[in-house]
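If you read the sequence shown in my numbering, its first letter stands for residue 1467, the second for the next number, and so on.
Note that beta-carbon positions come from the ideal geometry of N, C-alpha and C, so glycine has one too.
This structure is a prediction, so every number in the text was calculated from the model and none was measured.
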Amino acid sequence: MPFYIVAFIVAIIFSYYLLLTGNKLIDQIFNFIPDKNEEEVKFFLKELDVIYSGLFRQHFVASAIIGVIALFGLYLLDVPYPGVLASLMFLLSMYPLIGLPGVYLPLTAYYVLLEDYSKALQILIFSVSLNTVQDYYLRPKLVEKKGAVHPILTILALGAPLLVIGVTGLVIGPAVYGFLLALYRTKLKLKKEEKMTLKKK
């Protein structure tokens, strides 16, 4: 069975059930893996774990940076309770399906209802700019720095799903990115080992 098929199946099972059964699941998975693919899959799972852990940390860092910028921005815009709103932006930016719009859209609507259109427009422009920087620069930059992948490929991997399928792409994009990067690193390792074996012969 081709390795990429084995890896794909393992990734799906691994991602869905790991939180439910923990390390016991991994032991059960290896009962169904051909012996010739066992070392490859072990390396793949190790890379997948490192990459997904890194993506989560970088996602947290990006959200924290956005929260700090939001705090200063809302303060300069003279919005009441900037600390509370910035904290909400930080928390919701950790959940891509809601994200920053969960804060700035109601806030903009509030000022529209007050007929303070200038303030509403300022908040909207600032927040949309912040959201764009987060999704298309900050997160890809942090991921690219850790993942040793060309920044253009990183931006495409994380940004393209957002443009194609909407906010759901913010979840699917990093998941697919992590899988492909782990697969790529595993294939590189296999090629390197194959070359070393040929040299020894």
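Counting only residues of its own chain and dropping the five nearest sequence neighbours on each side, residue 1568 has a CB closer than 7 Å to the CB of 1558.
In this structure, the straight-line span from the alpha carbon of residue 1661 to that of residue 1602 is close to 38 Å. Straight across, the Cα-Cα distance linking residue 1516 with residue 1510 is about 10 Å.
Within the same chain, and ignoring the five residues on either side of residue 1543 in sequence, the residues whose Cβ sits closer than 8 Å to its Cβ are 1585, 1588, 1589 and 1592. Annotated as distal: residue 1596 and residue 1528, with beta-carbon spacing of 8 Å or more. Note on geometry: alpha-carbon atoms of residue 1550 and residue 1537 lie some 9 Å from one another. For residue 1546, the three-state secondary structure derived from DSSP is coil. Looking from the CA of residue 1606, the closest CA among 1524, 1507 and 1518 belongs to 1524. Residues 1532, 1533, 1536, 1566 and 1569 of the same chain have their beta carbon placed closer than 7 Å to that of residue 1555, with the five preceding and five following residues left out of the count.
Taking each of 1520, 1505 and 1582 in turn and checking the Cα distance to residue 1545, the smallest one comes out for 1582. Going by C-alpha positions, residue 1657 is about 29 Å away from residue 1522.
In the three-state DSSP reduction, residue 1537 falls in the helix class (H, G or I).
For secondary structure counted as the alpha helix (DSSP H) over 4 or more consecutive residues, the segment 1570 to 1602 holds these complete runs in sequence order: 1583 to 1599. Annotation: residue 1571 to residue 1520 spans about 30 Å, alpha carbon to alpha carbon. When rounded, the separation of the alpha-carbon atoms in residue 1507 and residue 1580 is 59 Å. Closest option to residue 1518, judged by alpha-carbon separation, among 1578, 1646, 1598 and 1576: 1646.
Rounded to the nearest whole angstrom, the C-alpha separation of residue 1642 and residue 1651 is 14 Å.
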